[in-house]
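The next block holds one structure in the form of structure tokens; read it before the comments.
Protein chains in written order, with this note's numbering: chain A, 1 to 92; chain B, 1 to 316.
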């Protein structure tokens, strides 16, 4: 289950400067855990109290996961996951 | 009715046209609401006129008043036309990185333009307009991002028109900017048909541009009501351009670039319905036609080049 994850500028310190990384998992949370295993520190910036951080938006194939199950949103092989900072407006 | 007493009276009642070639199947159909068929060629004629009429009713606007508004273009053009016909002045605060055509149209209608810096996008325009409002207390800021008349124009106009023309409607997809269209249409449709899905498409800009159009940087329009939305897509310039060209190529519709972003989300929604074996009638908004974006090179050359040219511009 390989997906491509695009990382916003402000979080690239956690991916050694990489704009995008490969990761695997069946849900958004599994994908984040997989990146965390390779690049420590990212999960803390994205997940708080087992929920997506208020100021972060995550999209699977351009669709906001907050409307599709949040961290449990499904991810399929070949999907594109985009992480974007959202200082406000992301929270439902 | 096709005869009107004046241009202002010709607002709304726009056609809803099917997309037989882009619809994925006979059971899952796409419908385009052609909002470019409004008096100045965009959906913004609806909120602009509604806001002016509301301000006239409550006495804020009187003959000779000056209207002030932060806008990236279309709302300004709509206000400029109405202001000219009704005898108001207009000052638009607009980011400097919008298309040349928008500036020219505003000037042709006699509006004054105050530019805000490219970096910061529409957020900056809003901030600058609020400053100007403070130093010019006699100017009337209609403020599309927080004016209930904006959403009401769609609650009483766009929404009922859609349901009347397409009673089998299952999804509505619109662009997320001031959020007026989605909030107004969404409220109306949810009241009438609770199962209708309201889907937002927001433009994803290059890193240089942080517009409030993606509700970024701490600015959430006062009109925004997340409970109205059932889904939200973020669409980059490349996909928006690709869909804009597909719409022209397959269906003959010459739309602006933001429509491509909305169509991209509408097609994703339609494909999901196909995968689930559901019937769907997906209506989406063509906010304006392509004329105002010709100078951006959106319609010629390779997609990669066109997307690159758009980087750093407010294309929706």
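All residues carry an ideal CB built from backbone N, CA and C; glycine is no exception.
Where residue i falls: helix, strand or coil (DSSP)
i	result
residue 264 (chain B)	helix
residue 222 (chain B)	coil
residue 74 (chain A)	strand
residue 292 (chain B)	helix
residue 79 (chain A)	coil
residue 213 (chain B)	Reliability fails at residue 213 (chain B), whose pLDDT of 37 lies under 50, so the model's placement of it is uncertain and no value is given.
residue 2 (chain A)	strand
residue 177 (chain B)	coil
residue 39 (chain A)	coil
residue 48 (chain A)	strand
residue 312 (chain B)	coil
residue 22 (chain A)	strand
residue 15 (chain A)	helix
residue 27 (chain A)	strand
residue 59 (chain B)	coil
residue 232 (chain B)	strand
residue 23 (chain B)	coil
residue 169 (chain B)	coil
residue 49 (chain B)	helix
residue 11 (chain B)	coil
Spatial neighbours of residue i in its chain, beta-carbon cut-off 6 Å, leaving aside the 5 residues before and after
i	result
residue 264 (chain B)	235, 239 and 243
residue 214 (chain B)	Residue placement at residue 214 (chain B) is flagged as unreliable, the pLDDT there being 40, under the threshold of 50; the coordinate-derived value follows with that caveat. Once the five neighbours on either side are set aside, the close Cβ partners of residue 214 (chain B) are 202.
residue 59 (chain A)	82
residue 53 (chain A)	46
Same chain only: Cβ atoms within 7 Å of residue i, ignoring 5 sequence neighbours per side
i	result
residue 182 (chain B)	174, 176, 198, 200, 228 and 229
residue 63 (chain B)	87
Beta strand (DSSP E) segment containing residue i, residue limits
i	result
residue 283 (chain B)	280-286
residue 201 (chain B)	197-204
residue 67 (chain B)	66-70
residue 93 (chain B)	89-95
residue 16 (chain B)	16-18
Integer Cβ distance of residue i from residue j, believed to fall under 8 Å
i	j	result
residue 184 (chain B)	residue 152 (chain B)	6 Å
residue 57 (chain A)	residue 29 (chain A)	Not really, about 15 Å apart at Cβ, beyond 8 Å.
residue 16 (chain A)	residue 39 (chain A)	7 Å
residue 95 (chain B)	residue 76 (chain B)	Not confirmed; about 11 Å, so no contact.
residue 288 (chain B)	residue 131 (chain B)	Between residue 131 (chain B) and residue 288 (chain B) the Cβ distance is about 29 Å, and since that is not below 8 Å, they are no contact.
residue 281 (chain B)	residue 166 (chain B)	6 Å
residue 30 (chain B)	residue 270 (chain B)	6 Å
For residue i, the residue or residues it bridges with in DSSP
i	result
residue 29 (chain B)	B:281
residue 154 (chain B)	The partner list for residue 154 (chain B) (beta bridge, DSSP) is empty, contrary to what the question assumes.
residue 85 (chain A)	A:56
residue 112 (chain B)	B:91
residue 255 (chain B)	B:289
residue 140 (chain B)	B:67
residue 42 (chain B)	B:288
Other residues of its chain near residue i: CB distance less than 8 Å, five sequence neighbours each side excluded
i	result
residue 133 (chain B)	68, 139 and 141
residue 78 (chain A)	2 and 3
residue 250 (chain B)	19, 21 and 22
residue 43 (chain A)	32, 33, 35 and 36
residue 294 (chain B)	101
residue 150 (chain B)	47, 50, 51, 144, 178, 180, 184 and 223
Limits of the unbroken alpha helix (DSSP H) element including residue i
i	result
residue 65 (chain A)	Run containing residue 65 (chain A): none; DSSP gives neither H nor E here.
residue 159 (chain B)	159-165
residue 2 (chain B)	No alpha helix (DSSP H) holds residue 2 (chain B); DSSP gives it neither H nor E.
residue 121 (chain B)	121-135
residue 78 (chain B)	74-86
is_contact[residue i, chain E] using C-beta, thresh 9 Å
i	result
residue 46 (chain A)	The chain inventory of the structure shown lacks chain E, comprising the protein chains A and B.
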